[in-house]
Amino acid sequence: MKHKGSISLETDRLILRKLKEDDAEEVYKNWTSDDNVSKYMRWNTHKSIEETKCWLREEEKNCKEKNYYTWGIVLKETEELIGSISAIYRNEEERYEIGYGISKKYWNNGYTTESLKKVMDYLINDIGIKKFVCKHAKLNPASGAVMRKVGFKYIKDDYYESFDKTKKYESKIYYLDID
Ligand SMILES: CC(C)(COP(=O)(O)OP(=O)(O)OC[C@H]1O[C@@H](n2cnc3c(N)ncnc32)[C@H](O)[C@@H]1OP(=O)(O)O)[C@@H](O)C(=O)NCCC(=O)NCCS
1083 MKHKGSISLE TDRLILRKLK EDDAEEVYKN WTSDDNVSKY MRWNTHKSIE
1133 ETKCWLREEE KNCKEKNYYT WGIVLKETEE LIGSISAIYR NEEERYEIGY
1183 GISKKYWNNG YTTESLKKVM DYLINDIGIK KFVCKHAKLN PASGAVMRKV
1233 GFKYIKDDYY ESFDKTKKYE SKIYYLDID
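Its first residue numbered 1083, the sequence shown is counted upward by one per residue in the numbering used here.
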């Protein structure tokens, strides 16, 4: 395996690129300030743009590591930054965990599936990662639909908590293993 980091990727309709602090206004407006997007996420809705800036600074720092993968999702047609997608290594599971979220106004247009297909192609075929995990709240079936469309297989029920432990969700765990 040779890690290359979150280099820019392209699909028919999207550019996937690193996030930066300068993106804060668009990120806050489009998804981090929206309860609909944060509802089943480990993070809570951002109450101010400062919280978004802080997260983006952290992402910029982490993305300097070649084995850390997070991209902003940009619509080619309008250059709008509409969401993010990540693959973060989880020591306890020895797998890369996939996460994603996009602005509510763009849900159900196939953008997350299109992003995830490209990310998986890159991580599997260019980097050589073989083990992935993805978890979604039972009350959030759209996320499971995306996972299945790229080949994730249901493994078991579980639960996960928000970072601050104020939210707890019954969840479904999916794996994707490359032989
Ligand atoms: C989950 C999320 C990322 C999906 O993004 P998206 O760009 O709308 O996804 P896509 O359009 O690629 O695919 C959505 C699929 O879910 C399906 N879907 C939507 N609502 C659904 C529902 N209530 N029940 C079952 N399936 C549903 C759609 O039909 C579609 O599948 P199809 O193409 O086979 O018809 C988006 O809803 C989101 O950002 N949610 C908030 C953040 C979040 O929950 N992230 C996941 C955390 S695990």
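A virtual CB, placed ideally from N, CA and C, is assigned to each residue, including glycine.
Just so it is clear, the structure is predicted and the values come from calculations on it, not from any experiment.
Self-check item: L1101, buried or exposed, once every other Cβ within 10 Å from all chains shown has been counted against 16
Solution: Burial state of L1101 is buried, judged by a 10 Å Cβ sphere holding 16 or more other Cβ atoms.
Quiz item: Less than 7 angstroms between the CB of S1130 and some heavy atom of ligand 1, yes or no?
Solution: Incorrect: S1130 has no Cβ contact closer than 7 angstroms to ligand 1.
Quiz item: Relative to ligand 1, is the shortest distance from any of its heavy atoms to the C-beta of N1112 smaller than 7 angstroms?
Solution: No.
Quiz item: On the premise that G1165 lies in contact with Y1182, defined as a C-beta separation below 8 angstroms, what is that separation, rounded to the nearest angstrom?
Solution: Right, the Cβ-Cβ distance comes to about 7 angstroms (below 8 angstroms), so this counts as a contact.
Practice problem: For V1201, verify whether its CB is less than 7 angstroms away from any heavy atom of ligand 1. | Solution: No, the beta carbon of V1201 sits no closer than 7 angstroms to any heavy atom of ligand 1.
Quiz item: When the Cβ atoms of the segment 1147-1162 are set against those of the segment 1115-1125, are three or more pairs found closer than 8 angstroms?
Solution: Using a Cβ-Cβ distance cut-off of 8 angstroms, the segment 1147-1162 and the segment 1115-1125 are not in contact, since fewer than three pairs of beta carbons, one from each stretch, lie closer than that value.
Exercise. Tell me, to the nearest whole angstrom, how far the beta carbon of H1218 is from that of S1185; I am working on the premise that it is less than 8 angstroms.
Key: Under the criterion of beta carbons closer than 8 angstroms, H1218 and S1185 do not qualify as touching, at roughly 18 angstroms.
Practice problem: Over the uninterrupted alpha helix (DSSP H) stretch that includes G1226, give me the two end residues. | Solution: DSSP places G1226 in the uninterrupted alpha helix (DSSP H) bounded by 1223-1231.
Quiz item: Whose CA, out of K1249, R1099, N1190, lies closest to the CA of Y1027?
Solution: The question about residue 1027 has no answer here: the residues shown for the chain are numbered 1083 through 1261.
Quiz item: Taking 7 angstroms as the cut-off, is the CB of A1224 close to at least one heavy atom of ligand 1?
Solution: The beta carbon of A1224 sits closer than 7 angstroms to at least one heavy atom of ligand 1.
Exercise. Specify, as a first and last residue, the run of the beta strand (DSSP E) that D1240 falls within.
Key: Where D1240 is concerned, the enclosing beta strand (DSSP E) stretches over 1235-1243.
Practice problem: List in chain order: all unbroken alpha helix (DSSP H) runs of 4+ residues lying wholly within the segment 1114-1183. | Solution: Correct list: 1117-1120, 1131-1144.
Self-check item: T1195 vs K1231 beta-carbon contact at 8 angstroms
Solution: Yes; because the gap between Cβ atoms is below 8 angstroms, this pair is in contact.
Quiz item: Can you tell which of A1106, R1172, S1120, N1112 has the C-alpha that lies nearest to the C-alpha of E1141?
Solution: For E1141, the closest C-alpha among the options A1106, R1172, S1120, N1112 is that of A1106.
Self-check item: Which of helix, strand or coil DSSP assigns to K1217
Solution: Strand, per DSSP.
Quiz prompt | Cut-off 6 angstroms between Cβ atoms - residues of its own chain near I1131, not counting five sequence neighbours on either side | solution = Cβ within range, chain order: A1106, Y1110.
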